[in-house]
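Undergrad: In this note's numbering, the protein residues as written are 1 to 147. Backbone N, C-alpha and C fix where the C-beta goes; we use that ideal spot for every residue, glycine too. One structure follows; several queries about it will come next.
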């Protein structure tokens, strides 16, 4: 788990590598088919969203990191995770795949909690569901969903 990764990632020794770390972890979350590795990477992002996404959660000198992270999650991680679930190779009958869907749901829930309804609407509904031309029933269900 990533419970104590924030001080390590944001340390002066590691801050210059944070983009590369996020890129590697996004590869695992979005492109790796091995379910346990994928789950670990999704959990990594869920924990970082929980720790980093809320306004005021970062020291002032790291606010640019927070903005970049939130943008990366909204533009890369969330759309990529949804697309991986919609991929024809996704097997909804596989128990490990079902666990990954659960992790994605938890990530979305934390994102909504930390960034608020309007950003959730913009990031997930606007940038993902509407772009994928999901039906109004699906969009309405995600708007109404809580925890």
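1) Within the chosen definition, does the segment 34-47 reach the segment 97-117 through at least 3 CB pairs nearer than 8 angstroms?
2) Are residue 42 and residue 104 touching if we call contact CB-CB under 8 angstroms?
3) Report all residues from its chain with a CB closer than 7 angstroms to the CB of residue 9; omit the five preceding and five following residues, and keep chain order.
4) Out of curiosity, what's the CA-to-CA distance linking residue 24 and residue 132?
5) Should residue 59 be labelled buried (16 or more other beta-carbon atoms within 10 Å of its own) or exposed?
6) Please report the Cβ distance between residue 29 and residue 77, rounded to the nearest whole angstrom; I am assuming they are in contact, meaning their Cβ atoms lie under 8 angstroms.
7) What's the C-alpha gap between residue 52 and residue 93?
8) Starting from the N-terminal side, write out each stretch of the alpha helix (DSSP H) that is 4 residues or longer and does not extend beyond the segment 13-40.
9) Nearest CA to the CA of residue 106: which residue from 16, 47 and 27?
10) Tell whether a beta-carbon distance below 8 angstroms holds between residue 112 and residue 125.
11) In whole angstroms, give me the CA-to-CA distance for residue 74 and residue 114.
12) Would you mind working out which of 84, 79, 12 and 87 sits nearest residue 61, comparing C-alpha positions?
13) Got a sec? Which residues, its chain only, sit under 7 angstroms from residue 90 by beta carbon, not counting five neighbours each side?
TA: Result, derived from the coordinates:
1) yes
2) By 1-based counting over the chain shown, the position of residue 42 is 42. By 1-based counting over the chain shown, the position of residue 104 is 104. Yes. Within cutoff.
3) Here the question's residue 9 lines up with position 9 in the chain shown. Hits under 7 angstroms: 18 and 21.
4) As a working note, residue 24 is residue 24 in the chain shown. As a working note, residue 132 is residue 132 in the chain shown. Roughly 26 angstroms separates the two Cα atoms.
5) Stepping through the chain shown from its first residue, residue 59 is reached at position 59. Classification of residue 59: exposed, given that the 10 Å Cβ count is below 16.
6) What you label residue 29 is simply residue 29 of the chain shown in a count that begins at 1. What you label residue 77 is simply residue 77 of the chain shown in a count that begins at 1. Confirmed, about 7 angstroms.
7) Position 52 of the chain shown holds residue 52. Position 93 of the chain shown holds residue 93. Cα to Cα, the separation comes out at about 33 angstroms.
8) 18-30
9) One-based indexing of the chain shown puts residue 106 at position 106. Measuring from the Cα of residue 106, the nearest candidate turns out to be 47.
10) Sequence index remark: in the chain shown, residue 112 carries index 112 (1-based). Sequence index remark: in the chain shown, residue 125 carries index 125 (1-based). Cβ atoms of residue 112 and residue 125: not closer than 8 angstroms.
11) Here residue 74 corresponds to residue number 74 of the chain shown, with the count starting at 1. Here residue 114 corresponds to residue number 114 of the chain shown, with the count starting at 1. So the two alpha carbons sit approximately 13 angstroms from each other.
12) As a position in the chain shown, residue 61 is number 61, starting the count at 1. Nearest of 84, 79, 12 and 87 to residue 61, Cα basis: 12.
13) Numbered from 1 along the chain shown, position 90 holds the residue referred to as residue 90. Within the same chain, residue 90 has close Cβ partners 84 and 97.
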